[in-house]
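Numbering (my numbering), first residue to last: 1 to 314. One structure is given below, encoded as structure tokens.
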Amino acid sequence: MFITCGEALFDIFAQPSKSSAPHGIGFDGVVGGSPLNVALGLSRMGNRASLFTRLSNDMFGRSIRAFMKEMGVHDDYCVATDLQTTLAMILTKPDGQPDYSLYTKGTADCSMEMSDIPTKLDECDQVIHLGSFATALEKSGAVLREFAKQQAGKKFIAFDPNARPIVIPEREPWHAMIDEMLPVSNFVKASDEDLDFLYPGQPIEAFLDRCLAAGVDVACVTRGPDGAFAKTANGQSVDLPGRKVDVIDTVGAGDTFQAASLHFLAQSKLARKGEAQTVDLEALVKFAIDAAALTCTRRGADLPTLSQIEAFAN
1 MFITCGEALF DIFAQPSKSS APHGIGFDGV VGGSPLNVAL GLSRMGNRAS
51 LFTRLSNDMF GRSIRAFMKE MGVHDDYCVA TDLQTTLAMI LTKPDGQPDY
101 SLYTKGTADC SMEMSDIPTK LDECDQVIHL GSFATALEKS GAVLREFAKQ
151 QAGKKFIAFD PNARPIVIPE REPWHAMIDE MLPVSNFVKA SDEDLDFLYP
201 GQPIEAFLDR CLAAGVDVAC VTRGPDGAFA KTANGQSVDL PGRKVDVIDT
251 VGAGDTFQAA SLHFLAQSKL ARKGEAQTVD LEALVKFAID AAALTCTRRG
301 ADLPTLSQIE AFAN
């Protein structure tokens with residue numbers, strides 16, 4: 001039912017080295033990438049989810065494909081290539097926030113071609129999620145945005161800018177991506193951290209109103225431990241606090257919020273243009289906040305199952 005589009009990479013976590021060599025750094029690698037995380041979250045909540053990207057034939061790419069199969073994420077729309085896999089080096093800061101260094105030049109998911117765009121989609125795939133840096137990069141971004149335009153009006157389009165200044169430090173490419181994506185999107189989620197970088201000094205509500213003015217049905221901004229603020233095209237407005245949890249790290253929390261929101265819309269049978277705005281917005285945001293908070297109690301992007309979210313919420 002869901003197609004997520006964009007990067008699939010390896011998160012390499014830095015940790016104290018067990019070597020006796022001075023200043024050594026140890027590494028622990030796990031499969032990651034925001035769009036893949038969203039697909040994983042949707043799958044764990046009981047949905048059919050596929051990924052549209054380029055996957056490398058290298059050892060990391062093979063591990064990603066095996067991971068997807070094990071987690072129930074379909075590779076119907078994955079294009080094989082000999083280009084190398086994108087790597088994200090992550091150091092968790094004392095406050096639980098991740099500090100990233102990304103290696104993306106000439107990598108598989110950042111080098112997509114127009115010929116990679118699927119010519120035919122499975123009829124059951126009704127929701128398409130896009131976002132993060134692959135959608136903003138010049139080469140892969142042009143492909144993914146074109147795919148969104150081709151499917152706008154036919155499929156329900158969800159978008160999360162998920163800005164990564166470490167990959168693209170200039171604001172202009174991100175602004176261009178957002179300007180292009182808002183008019184074709186039905187559900188948009190951003191974080192306050194995204195907006196601090198993209199539109200410094202502007203209030204959260206200004207971004208939400210801009211989304212709605214562009215034709216978006218539901219727009220949300222997450223605020224980490226402070227919850228989320230959301231609005232709909234039919235005038236609903238919800239501002240909810242976050243759940244208090246013992247944070248291990250916040251990797252994957254935003255992706256969990258996105259997956260949970262899309263799951264809620266689909267289960268409400270409202271993942272359709274013009275109908276999503278009628279959703280019970282407070283219930284949607286609460287469900288997504290609970291799901292994201294649960295992810296924060298785990299290391300890495302270990303997104304929860306539906307039963308785990310429901311147990312945590314009660």
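Built from N, CA and C at the ideal position, the CB exists for glycine as well.
- In this structure, Gly224 lies away from Asp249, with their beta-carbon atoms at least 9 Å apart.
- Counting C-beta pairs with one atom in each stretch, the stretch 7 to 23 and the stretch 40 to 50 have fewer than three that are closer than 8 Å, which means they do not touch.
- In its chain, beyond the 5 residues on either side, Arg243, Ile309, Phe312 and Ala313 have a beta carbon closer than 7 Å to the beta carbon of Asp290.
- C-alpha of Pro173 to C-alpha of Asp122: approximately 31 Å in a straight line.
- The DSSP-derived three-state label of Ser101 is strand.
- Looking from the CA of Ala260, the closest CA among Thr135, Asp246 and Leu294 belongs to Leu294.
- If you look at Cys211, you'll find it in the alpha helix (DSSP H) that goes Ile204 to Ala213.
- In this structure, Cys220 lies near Val285, with their beta-carbon atoms less than 9 Å apart.
- In the DSSP annotation of this structure, the continuous segment of the alpha helix (DSSP H) that includes Ile178 starts and ends at Glu172 to Met181.
- With fewer than three CB-CB distances shorter than 8 Å, the stretch 11 to 18 does not count as touching the stretch 267 to 276.
- Each residue's CA atom was taken as its position, placing Pro118 and Glu146 some 11 Å apart.
- Here DSSP, grouped into helix, strand and coil, assigns Ala276 to helix.
- Less than 9 Å separates the beta-carbon of Thr4 from that of Leu130.
- Rounded to whole angstroms, the Cβ separation of Asp125 and Ala163 is 27 Å, and the two are not in contact under 8 Å.
- In the structure shown, Arg299 falls within a coil segment according to DSSP collapsed to helix, strand and coil.
- For Val221, the pairing in a beta bridge is given by DSSP as Ala190 and Phe229.
- Under the three-pair Cβ rule at 8 Å, the stretch 52 to 67 counts as touching the stretch 79 to 97.
- Taking 9 Å as the cut-off, the Cβ atoms of Gly254 and Ala233 do not count as close.
- Scanning its chain for C-beta atoms nearer than 8 Å, with the 5 sequence neighbours on each side dropped, one finds around Leu262 the residues Phe2, Val38, Leu42, Val127, His129, Ala158, Phe187 and Ala271, in chain order.
- In the displayed model, Arg54 falls within a strand according to three-state DSSP.
- In terms of Cβ geometry, Ala301 and Leu55 do not form a close pair [threshold 9 Å].
- The beta carbon of Glu282 is closer than 6 Å to those of Val238 in its chain, skipping five residues each way along the sequence.
- The C-beta distance from Asp116 to Ala134 rounds to 12 Å, too long to meet the 8 Å contact threshold.
- Lys155 and Ala292 have their C-alpha atoms spaced approximately 26 Å apart.
- Taking the Cα positions, Thr297 is about 14 Å away from Thr305.
- Under the DSSP assignment, Val127 falls in the beta strand (DSSP E) whose first and last residues are Val127 to Gly131.
- Thr86 is positioned such that its CB atom lies closer than 9 Å to that of Ala8.
- As the crow flies, the alpha-carbon of Gly46 is around 26 Å from that of Gly29.
- Distance from the CA of Met112 to the CA of Val143, rounded to the nearest whole angstrom, comes to 7 Å.
- Restricting attention to Ala230, Asp280 and Lys120, the CA atom closest to the CA of Leu265 is found in Asp280.
- Rounded to whole angstroms, Ala228 and Asp209 show a C-alpha spacing of 15 Å.
- For Ser307, no beta strand (DSSP E) segment is defined; the enclosing uninterrupted segment is the alpha helix (DSSP H) at Leu306 to Ala313.
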